[in-house]
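Novice: Here the protein sequences line up with chains H and V, keeping their order.
Throughout the first sequence, residue numbering follows our numbering, covering 5 to 255 in sequence.
Throughout the second sequence, residue numbering follows our numbering, covering 338 to 576 in sequence.
To start, I am sharing the structure in question, which I have written as structure tokens.
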Amino acid sequence: MPDSRHTVLWGLVVARAARHGRPASAGDVCEVAVTAARVNGGWVTVAGGPGPDFLMHVTDPVSEWLAEFQLTLGEGPCHDVQISEGLSLGSDLEDAPSGRRWPVFAPAAVQRGARAVFAFPLTIGSIRVGVMGLYRDSAGPLPPAQLRDCLLLADTATVLLIEAGSHGVEQAGDGNGAGLPGQPANLALHRVEIDQATGMLTVQLGVTAAEAFARLRAYAYSQDRRLADVARDIVTRRLRLQPDSSADGDH
Amino acid sequence: MMDADLLVATFVDLADTMVADFDVIDFLHMLTSRSVELLSVSAAGVVLADPRGALRVAAASSEAAGVVELFQIQNDQGPCLECFRTARPVAAADLNSPDQRWPRFAEAAARAGFRSVHALPMRLRHEVIGALNLFGSGAGPFGPEDLRVGQALADVATIGLLQERSVRRNETAAEQLQAALTSRVIIEQAKGKLAERLGIDMERAFGMLRDYARGSNQRLTDVARNFVDSATADFPPPR
């Protein structure tokens with residue numbers, strides 16, 4: 005079941021963060037993904053508003069080079085997921101399709117020791133907070149179980165980054181990164197009402213979709229209710245959130 | 338006997354839609370509406386197998402809460418889940434009969450006013466990537482002709498989903514599947530924003546987004562993304 009796997013992976017992320025004495029961050033998620041996917045390294049780039057994305061976390065020098073090169077070049081699997089809706093799986097950078105897709109990036113990456121690069125968008129629909137990249141020194145697709153883990157971890161990193169962002173980057177050092185305590189929502193079991201409620205809250209609260217999602221989750225957390233249940237109340241117009249306080253409604 | 342003219346018109350329309358750069362969610366939504374007409378069912382939906390291990394609704398002919406819930410509930414039990422497991426069509430011809438294999442699902446279906454359901458697999462080689470779910474208000478199994486047409490619609494849905502790219506590797510299917518699921522989320526967010534802005538329901542909001550996309554020759558997903566990203570709630574969004 006996706007829910008139990010989601011919980012197992014979250015446990016690994018929290019354990020890693022605890023060893024370093026700080027709240028879980030997208031960097032911890034990336035490190036867990038490298039282990040879970042049995043690859044050599046990984047990185048996380050974060051969308052910095054209107055400016056270019058910046059590198060938030062790398063596991064090793066090859067990853068750093070792969071991330072920076074794609075940001076500079078504007079080509080590669082990570083660049084693809086920035087401009088499309090999906091993920092981008094370059095399982096063999098020496099094959100013909102990869103050569104066509106990434107004529108500059110693919111051979112350069114191979115020369116640096118990366119035969120496969122996998123890019124996961126850190127997104128919830130139109131909310132785009134960054135990209136998680138992974139590389140391996142051998143060719144071959146991610147087996148289904150590893151692909152599943154990477155997608156679940158990408159969701160976790162997304163929620164962590166949204167909540168870190170919604171609390172203000174200037175609060176760094178004040179427990180930023182984790183945002184709310186507890187496990188991020190399992191987006192695999194996402195209900196359409198959550199997306200609809202997010203859209204509705206952008207108007208009710210006059211905020212971005214990322215902020216609206218964070219507020220929705222904060223409200224559910226403060227009321228000790230399931231995210232999907234709160235979302236349904238908003239979609240059926242039994243509940244409205246107010247711009248100032250995160251909690252209000254007709255009852 | 339099925340209406341032969343309608344059958345031809347449906348497949349011609351579906352083929353026409355699959356031009357370069359078409360919107361897969363728009364396409365799947367059209368396919369569910371046409372399935373309802375052709376097969377005389379009350380509701381239809383395309384459910385996709387998210388590689389995360391969950392079933393996700395990509396498109397539904399109706400926005401009624403009970404209908405959407407029916408597709409979602411099948412993460413736990415129901416003909417759709419069974420269809421994914423077996424890669425074969427699965428039918429529950431009478432959800433009112435006392436011996437139910439899926440009691441929770443049958444109850445939700447009855448609440449939504451349905452008595453029968455068919456799940457037809459969307460197959461890619463040996464893998465099932467999704468299913469076409471058809472709900473009827475009356476009891477009774479499909480005849481062989483309905484089953485054949487239903488399966489053809491499910492196959493067209495598969496082709497549409499995988500779009501113009503030839504699927505050489507399973508990876509590409511995973512990429513397309515994720516893109517479709519993300520598109521769907523973007524469109525739901527846009528529906529919410531528009532529904533709130535204009536005080537209308539989700540069905541109306543979807544219709545407005547789709548009509549504007551068609552009228553302005555843009556992909557539905559692009560219209561939805563621009564609208565959600567826009568700092569104002571004005572519709573149509575600035576391009």
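Even for Gly, the Cβ is constructed at its ideal location relative to N, Cα and C.
Fair warning: this is a prediction, and the values are worked out from it, not measured in the lab.
Among V:Ala-446, V:Asp-363, V:Ala-527 and V:Ala-532, which one has its Cα closest to the Cα of V:Asn-563?
Specialist: The shortest Cα separation from V:Asn-563 among V:Ala-446, V:Asp-363, V:Ala-527 and V:Ala-532 belongs to V:Ala-527.
Novice: Could you tell me the alpha carbon to alpha carbon distance between V:Thr-423 and V:Pro-481, rounded to whole angstroms?
Specialist: Between V:Thr-423 and V:Pro-481, the C-alpha separation is close to 20 Å.
Novice: Of the residues H:Asp-32, H:Glu-215 and H:Leu-155, which one's Cα is nearest the Cα of V:Ala-511?
Specialist: Cα-wise, what sits closest to V:Ala-511 is H:Leu-155.
Novice: Less than 7 Å between C-beta atoms, sequence neighbours within five positions excluded: which residues of the same chain meet that for H:Met-136?
Specialist: Result list for H:Met-136: Cys-34, Ala-37, Gly-46, Val-48, Phe-124, Leu-126, Ala-158 and Ala-161, in chain order.
Novice: Going by beta carbon distance, what residues of the same chain come within less than 8 Å of H:Asp-233, once the five residues before and after it are set aside?
Specialist: The answer, listed in chain order, is Ala-224.
Novice: Work out the CA separation of H:Leu-243 and H:His-255 for me, nearest whole Å.
Specialist: With a pLDDT of only 43 at H:His-255, under 50, the local geometry of the prediction cannot be trusted, and the value read off the model is given with reservation. Rounded to the nearest angstrom, the two C-alpha atoms are 8 Å apart.
Novice: Please name the residue, chosen from V:Leu-471, V:Phe-348, V:Gln-500 and V:Ser-520, that lies closest to V:Val-373 on a Cα-to-Cα basis.
Specialist: Among V:Leu-471, V:Phe-348, V:Gln-500 and V:Ser-520, the Cα nearest to that of V:Val-373 belongs to V:Leu-471.
Novice: Which residues mark the beginning and the end of the beta strand (DSSP E) in which V:Phe-479 is found?
Specialist: V:Phe-479 -> no beta strand (DSSP E), and no H or E assigned at all.
Novice: Less than 8 Å between CB atoms is the rule here; does H:Gly-199 satisfy it with respect to chain V?
Specialist: Inspection of the sequence shows that residue 199 of chain H is occupied by Asp rather than by Gly. Yes, contact with chain V.
Novice: Classify V:Glu-406 as buried or exposed, calling it buried when 16 or more other Cβ atoms lie within 10 Å of its own Cβ.
Specialist: Answer is buried; the Cβ neighbour count reaches 16.
Novice: For the 8 Å Cβ check, are there 3 or more pairs between the stretch 515-527 of chain V and the stretch 87-97 of chain H?
Specialist: The stretch 515-527 of chain V, when compared against the stretch 87-97 of chain H, does touch it at the 8 Å Cβ threshold.
Novice: How is V:Arg-460 classed by DSSP in three states: helix, strand or coil?
Specialist: Reduced to three states, the DSSP call for V:Arg-460 is strand.
Novice: Between which two residues does the beta strand (DSSP E) containing H:Leu-47 stretch?
Specialist: It should be pointed out that residue 47 of chain H corresponds to Trp in this sequence rather than to Leu. From DSSP, the beta strand (DSSP E) with H:Trp-47 extends over 45-50.
Novice: Enumerated in chain order, which unbroken segments of the alpha helix (DSSP H) with a length of 4 residues or greater are wholly contained in the stretch 342-404 of chain V?
Specialist: You should have 361-376.
Novice: Name, please, each residue of chain V whose Cβ falls closer than 8 Å to the Cβ of H:Met-204.
Specialist: Neighbours of H:Met-204 on chain V, chain order: Gly-529, Lys-530, Ala-532 and Glu-533.
Novice: Using a Cβ-Cβ cut-off of 8 Å, state whether H:Pro-56 counts as contacting chain V.
Specialist: Chain V, which has no Cβ nearer than 8 Å to the Cβ of H:Pro-56, makes this no.
Novice: Is it right to say V:Arg-389 is buried, meaning 16 or more other beta carbons lie within 10 angstroms of its own, or is it exposed?
Specialist: So V:Arg-389 ends up on the buried side.
Novice: Listed from N- to C-terminal order along the chain, which residues in the stretch 538-572 of chain V have their beta-carbon within a distance smaller than 8 Å of any beta-carbon of chain H?
Specialist: So the list reads Met-539, Thr-558, Ala-561, Arg-562, Val-565, Asp-566 and Ala-570, given in the order they occur along the chain.
Novice: Just the Cα atoms here: how many angstroms apart are V:Ile-466 and H:Gly-25?
Specialist: Spanning the two alpha carbons is a distance of roughly 42 Å.
Novice: What is the rounded straight-line gap between the Cα of V:Lys-530 and the Cα of V:Arg-556?
Specialist: If I take the Cα positions, the gap works out to 18 Å.
Novice: Helix, strand or coil, according to DSSP, for V:Met-545 in the structure here?
Specialist: Note: V:Met-545 maps to helix in three-state DSSP.
Novice: State yes or no: is the C-beta of V:Arg-562 nearer than 7 Å to some heavy atom of the ligand NAP?
Specialist: Among the components of this structure there are no ligands whatsoever, and the ligand NAP is therefore not found.
Novice: Against V:Ser-520, what residues of chain H qualify as contacts under a CB-to-CB distance less than 8 Å, listed in chain order?
Specialist: Under the 8 Å cutoff, chain H gives Glu-89.
Novice: On the three-state DSSP scale, how would you describe H:Val-38?
Specialist: Helix at H:Val-38.
Novice: Which residues in the same chain as H:Arg-20 place their Cβ atom closer than 7 Å to its Cβ, once the five residues preceding and following it in sequence are excluded?
Specialist: If we look at H:Arg-20 and ignore the five residues flanking it on each side, its Cβ neighbours are Asp-32, Glu-35 and Val-36.
Novice: On the DSSP bridge list, what partners appear for V:Val-454?
Specialist: In DSSP, V:Val-454 forms a bridge with V:Ala-429 and V:Phe-472.
Novice: For H:Ile-128, which residues in chain V fall below 7 Å Cβ to Cβ?
Specialist: Chain V residues near H:Ile-128: Val-522.
Novice: Which one of H:Leu-13, H:Asp-96, H:Leu-146 and H:Ala-71 has the shortest CA to CA distance from H:Ala-41?
Specialist: Closest option to H:Ala-41, Cα to Cα, is H:Leu-146.
Novice: Along the chain, where does the beta strand (DSSP E) that runs through H:Ser-92 open and close?
Specialist: Per DSSP, H:Ser-92 belongs to the beta strand (DSSP E) from 92-94.
Novice: Can you tell which of H:Ile-128, H:His-10 and H:Gly-144 has its C-alpha closest to the C-alpha of H:Leu-165?
Specialist: Out of H:Ile-128, H:His-10 and H:Gly-144, H:Ile-128 has the C-alpha closest to the C-alpha of H:Leu-165.
Novice: How many angstroms separate the CA atom of V:Arg-324 from the CA atom of V:Thr-347?
Specialist: Lying outside 338 to 576, the shown extent of chain V, residue 324 of chain V is not represented and no answer is given.
Novice: Specify the secondary structure class of H:Gly-25 as computed by DSSP and reduced to three states.
Specialist: Looking at H:Gly-25 - three-state DSSP - the assignment turns out to be coil, as it is neither helix nor strand.
Novice: Taking only beta-carbon atoms, is V:Ala-516 less than 8 Å away from chain H?
Specialist: By this cut-off, V:Ala-516 is an interface position.
Novice: Here's the rule I'm using: 16 or more other beta-carbon atoms within 10 Å means buried, otherwise exposed. How should V:Glu-540 be labelled?
Specialist: V:Glu-540 should be labelled exposed.
Novice: Using the beta-carbon of each residue, which ones in chain H are nearer than 8 Å to V:Val-394?
Specialist: Result: Val-196.
Novice: Could you give the residue range of the alpha helix (DSSP H) that holds V:Arg-422?
Specialist: From DSSP, the alpha helix (DSSP H) with V:Arg-422 extends over 416-423.
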